[in-house]
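For reference, the structure discussed in these notes is given below.
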Ligand SMILES: Nc1nc2c(ncn2[C@@H]2O[C@H](COP(=O)(O)OP(=O)(O)OP(=O)(O)O)[C@@H](O)[C@H]2O)c(=O)[nH]1
Ligand SMILES: [Mg+2]
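In the numbering used here, the protein residues as written are 1 to 428.
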């Protein structure tokens, strides 16, 4: 199966239901009071972590994910039913972006995480809510807020416990094959591995962990050379780095110490200093004679480091390697490396975003038009289909300073003012 780590789709939260206008009609009561109920809230679009998931594959099956609309309010003070939420499951490690703006919306880094990404529209209030001592029989009501639509890009960073890094041809993929059920391609030329490969391993104590085999790194990788940098992000969350070194010195320089330092330098100049992670060095290909000789002075130089002599090809020292990984993981099991990143505050998308604009345009010949996000919100919320609502709508425009602007710009009595699909006469 191809490893899918990117999905694009559209989500939409539900519209709020409209409020109702109605009046009590009871036997022996001549003029009943208002009893139009409120509309129900639209459903939210919620994302949650499913630990069992390892890819975004099933999110790619659909282009749209839509939560249910709220029902409209009804007579006799009946509230509209709220729309059902929609719950989308993502694997641990998924990052959600708004693909239009590029904004990061959410980062799913813990097992229980659950987050509303698009909030459903509020239900509109029915006329029962607008009665007061001055107006006992209002025909005021509100429309529900519309739901919010967002184009989503979901990205999955491979969440491996252990990352295999090293120069091309060092034997990383061969080692992954030797220790897991994964079958990465192996060949006697550098850059054989073009995409990160995952495998699940188990040590003799029954501890299991996920290992990621990365494409080979070269000098300058942290600056974007070779295939390096785009893949280093896959091991940002690895608890252990396994540095695989070809002890025969057949690739890179002949000097295995130089080869080792070169990769360390790349790991340390990455966005997050990866050399602070627990490290296990795999002195690899020791089945070859040259490997044995280099090993002696390599071990001499790095006395304090954890070095395991291995051969992926001949499966030498595999048990020891796995136990060392298992022990180290146990030691660091409560440590997460996300802490190095700044905790970001994400925005929840909904209809109430306060950053709208107001546009008053002079069209000439005594015609004006009003447009912009904020005006649209007021217009949509307060339908001008009853006299009371018309008054309320006027009041809201006045408060927003629209009338002052019209006056300043020279609107005259009898001018026509258009907004969206209605037209008013300016009576000032
Ligand atoms: N003698 C010997 N050869 C090995 C060993 N491990 C791998 N090789 C050989 O080295 C070559 C490269 O092995 P890969 O496992 O593809 O190396 P890699 O590090 O994944 O290479 P890239 O994907 O290019 O970074 C192959 O010809 C392997 O057969 C080993 O332990 N001993
Ligand atoms: Mg490889």
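We put the CB at the ideal spot given by N, CA and C, even for glycine.
Should residue i go down as buried or exposed, given a rule of 16 or more other Cβ atoms within 10 Å for buried?
i           : result
residue 48  : exposed
residue 62  : exposed
residue 236 : buried
residue 164 : buried
residue 64  : exposed
residue 79  : buried
residue 365 : exposed
residue 126 : buried
residue 256 : buried
residue 342 : Any reading at residue 342 needs caution, since the residue's pLDDT is 49, under 50, leaving its predicted position unreliable; the model's value is listed next. Its Cβ having fewer than 16 others within 10 Å, residue 342 is exposed.
residue 199 : buried
residue 187 : exposed
residue 276 : exposed
residue 71  : buried
If distances are taken between C-alpha atoms only, which option among the options comes closest to residue i?
i           : options               : result
residue 350 : 132, 144 and 113      : 144
residue 310 : 324, 303, 304 and 300 : 324
residue 332 : 250, 279 and 367      : 279
residue 55  : 152, 13 and 94        : 94
residue 18  : 200, 40, 50 and 301   : 40
residue 111 : 32, 265 and 52        : 52
residue 45  : 24, 77 and 86         : 86
residue 24  : 77, 73, 11 and 296    : 77
residue 31  : 136, 89 and 123       : 136
residue 179 : 207, 167 and 195      : 207
residue 123 : 186, 405 and 73       : 73
residue 167 : 186, 183 and 245      : 245
residue 171 : 215, 128, 133 and 210 : 215
residue 88  : 71, 70 and 113        : 113
residue 294 : 399, 249 and 427      : 249
residue 431 : 334, 386 and 243      : Outside the displayed span of the chain (1 to 428) sits residue 431, for which this structure offers no information.
residue 20  : 84, 130 and 13        : 130
To the nearest angstrom, report how far apart residue i and residue j are at their CA atoms.
i           : j           : result
residue 22  : residue 37  : 8 angstroms
residue 320 : residue 274 : 24 angstroms
residue 75  : residue 35  : 6 angstroms
residue 412 : residue 368 : 11 angstroms
residue 218 : residue 322 : 26 angstroms
residue 282 : residue 82  : 58 angstroms
residue 107 : residue 141 : 39 angstroms
residue 381 : residue 390 : 12 angstroms
residue 68  : residue 119 : 12 angstroms
residue 155 : residue 7   : 7 angstroms
residue 267 : residue 173 : 19 angstroms
residue 415 : residue 394 : 16 angstroms
residue 240 : residue 222 : 19 angstroms
residue 101 : residue 261 : 40 angstroms
residue 330 : residue 161 : 11 angstroms
residue 397 : residue 375 : 8 angstroms
residue 195 : residue 301 : 33 angstroms
residue 11  : residue 231 : 29 angstroms
residue 202 : residue 212 : 14 angstroms
residue 429 : residue 328 : The structure shown does not extend to residue 429, since the chain is modelled only from 1 to 428, so the question has no answer here.
residue 66  : residue 181 : 39 angstroms
residue 220 : residue 238 : 21 angstroms
residue 233 : residue 299 : 30 angstroms
residue 263 : residue 377 : 56 angstroms
residue 205 : residue 334 : 19 angstroms
Ignore the nearest five residues each way along the sequence and tell me which others in residue i's own chain have a CB closer than 7 angstroms to its CB.
i           : result
residue 292 : 286
residue 409 : 360 and 362
residue 4   : Bear in mind that a pLDDT of 45 at residue 4, under 50, signals an unreliable position, so the model cannot answer this.
residue 422 : 384
residue 373 : 356 and 357
residue 314 : 287
residue 26  : 32
If I measure Cβ to Cβ from residue i and keep anything under 6 angstroms in the same chain, skipping five residues before and after, which residues do I get?
i           : result
residue 121 : 15, 16, 42, 144, 145, 146, 147 and 351
residue 169 : 190 and 251
residue 420 : 379
residue 392 : 140 and 382
residue 115 : 47 and 106
residue 418 : 369
residue 269 : 222
residue 388 : 138, 139 and 140
residue 128 : 34, 35, 36 and 77
residue 312 : 171, 174, 175 and 178
For residue i, which residues from the same chain have a beta carbon less than 8 angstroms from its beta carbon, with the 5 sequence-adjacent residues on both sides left out?
i           : result
residue 105 : 96, 97, 98, 117, 150, 152, 346, 347 and 349
residue 340 : Low confidence applies here, because residue 340 scores a pLDDT of 45, under 50, leaving its location unreliable and the question unanswered by this model.
residue 308 : 280, 281, 282, 283, 317, 320, 321 and 324
residue 90  : 47, 48, 49, 50, 53, 56, 59, 96, 108, 154 and 156
residue 429 : Missing from the structure shown is residue 429; the chain here goes from 1 to 428 and no further.
Lining residues of ligand 2 - beta-carbon closer than 7 angstroms to any non-hydrogen atom, in sequence order: So the residues near ligand 2 by this Cβ test are 172, 173, 184, 186, 192, 193, 213, 215 and 216.
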